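K.L.:
Numbering of the sequence shown is given in my numbering, commencing with residue 4 and proceeding in unit increments. The beta-carbon is built from N, C-alpha and C at its ideal position, and this holds for glycine as well. From a predicted model like this one, the values you see are computed outputs, not experimental measurements.
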Amino acid sequence: METIHTVPWMKQVAAQARRDDRVIGLVPTMGALHQGHLSLVRAAQKQCSPVVVSIFVNPKQFGPSEDFQKYPRTLEADRAVLQTSGVDYLFVPSPQEIYPAGFQTAVVVEGLSQRLEGRLRPGHFRGVTTVVLKLLEIAQPRLAFFGRKDAQQARIIRQMALDLNLGSEIVVCPIVREPDGLALSSRNSYLQGAERQAATVLYRSLDAVRREIAAGERNVAHLLISLRQVVTSEPAVTLDYAEIVDADTFEPILQLRKICYALIAARIGGTRLIDNALIEPVAESFEVTL
Ligand code: AMP
């Protein structure tokens, strides 16, 4: 595995791979890698060669009171695990490399970026789309891999790729979970003592919705009541939102009809976690994937 620190070097490698007619796969991450990230790497390796993993803790997607400073940075361990996994290139630019002095451009997907996560984290998606556009431009992937864990982010990036005629296909991969259901996240390392057990409430609330849908419930207001009830039963947890939205528009829906997401964001002590379930019409029923 070759580690690349600069934009011109990454662009040169990508240009050569393109000339050789190779299919570049990009997995953008902020590091502190876990099995969720590695599942994206494996998905990329099935379809692409070379595979590029980027590690960049993007300052522009953190709000002023968020965890940019304390975000876990474990570059040497990340490099070792990527090397063992057979990744071809690790792209680790510095903040100055991505945002040199005088940088003043931003990319915003209007509408989709204003709801849910975007409403609670103003400027977050603007930071995400700006850096992802740059990474796509630099690494020139035919396919770029994202996790459904960040469902709104994946939807926004797909919209950006469509709107700006980017040559990269956006592939969205399933959520990898701990045995007790907690979705893997670099931020899980913040959870202290009893908070770790309390954090499973996100999964448990989504699982309650899954069971109600399996029992025939279709009324979203009823589903939301149980979703929120499970969360509020856990005193250590503060709910930011629990919503069921259309998977395309991320607007709230009243009745299950098309593909939608049950989305949840909650805070446990100082740790903010998100999770979701995908709800899809299948035959005469609905299938819920956690
Ligand atoms: P991050 O490093 O948190 O920015 O995440 C990098 C990519 O990994 C994003 O596309 C995330 O959606 C994805 N990801 C994070 N956690 C998981 C997970 N538990 N399962 C699948 N993908 C994940």
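Measuring only the C-alpha atoms, how far is S116 from G130?
P.N.:
11 Å
K.L.:
Pick from E237, S236, C176: whose alpha carbon is nearest that of F149?
P.N.:
C176
K.L.:
Measure how close the beta-carbons of P31 and L138 come, nearest whole angstrom, since I'm counting them as under 8 Å.
P.N.:
5 Å
K.L.:
For I141, I'd like the list of residues in its chain whose CB is within less than 6 Å of its CB, leaving aside the five on either flank, ordered along the chain.
P.N.:
Same-chain partners within the cutoff: V10, M13, K14.
K.L.:
In the DSSP assignment, find the alpha helix (DSSP H) that holds T203 and state where it starts and stops.
P.N.:
From DSSP, T203 is part of no alpha helix (DSSP H); its letter is neither H nor E.
K.L.:
Report yes if the C-beta of L136 is less than 6 Å from at least one heavy atom of the ligand AMP; otherwise report no.
P.N.:
no
K.L.:
Using 7 Å as the limit for Cβ to Cβ distance, is P238 near chain C?
P.N.:
No chain C appears in this structure, which consists of one protein chain only.
K.L.:
In the DSSP assignment, the alpha helix (DSSP H) including S229 goes from what residue to what residue?
P.N.:
Taken as a continuous stretch (DSSP letters only), the alpha helix (DSSP H) holding S229 covers 223-235.
K.L.:
Nearest to R118 by alpha carbon, out of Q232, I247, L165, M4?
P.N.:
I247
K.L.:
To the nearest angstrom, how far is the alpha carbon of D183 from that of H225?
P.N.:
The straight-line gap from Cα to Cα measures roughly 25 Å.
K.L.:
Taking the continuous alpha helix (DSSP H) assigned at R158, which residues delimit it?
P.N.:
Membership of R158 in the alpha helix (DSSP H) is indicated by the continuous run 154-166.
K.L.:
Flag A224 as yes when its Cβ comes closer than 6 Å to any non-hydrogen atom of the ligand AMP, and as no otherwise.
P.N.:
Not under cutoff, so the answer is no.
K.L.:
Once DSSP output is grouped into helix, strand and coil, what is the label at Y92?
P.N.:
strand
K.L.:
Measuring only from the beta carbon, is V175 closer than 6 Å to any heavy atom that is part of the ligand AMP?
P.N.:
V175 Cβ: outside cutoff for every heavy atom of the ligand AMP.
K.L.:
For Q258, count neighbouring Cβ atoms within 10 angstroms of its own Cβ and tell me buried if that reaches 16, exposed if not.
P.N.:
exposed
K.L.:
Using C-beta distances below 6 Å, list every residue in its chain close to I277, excluding the 5 sequence neighbours before and after it, in chain order.
P.N.:
A268
K.L.:
What three-state label does DSSP hand F289 in the structure shown?
P.N.:
DSSP places F289 in strand when its eight states are reduced to three.
K.L.:
Since G28 contacts C51 with CB under 8 Å, what's their CB separation in whole angstroms?
P.N.:
3 Å
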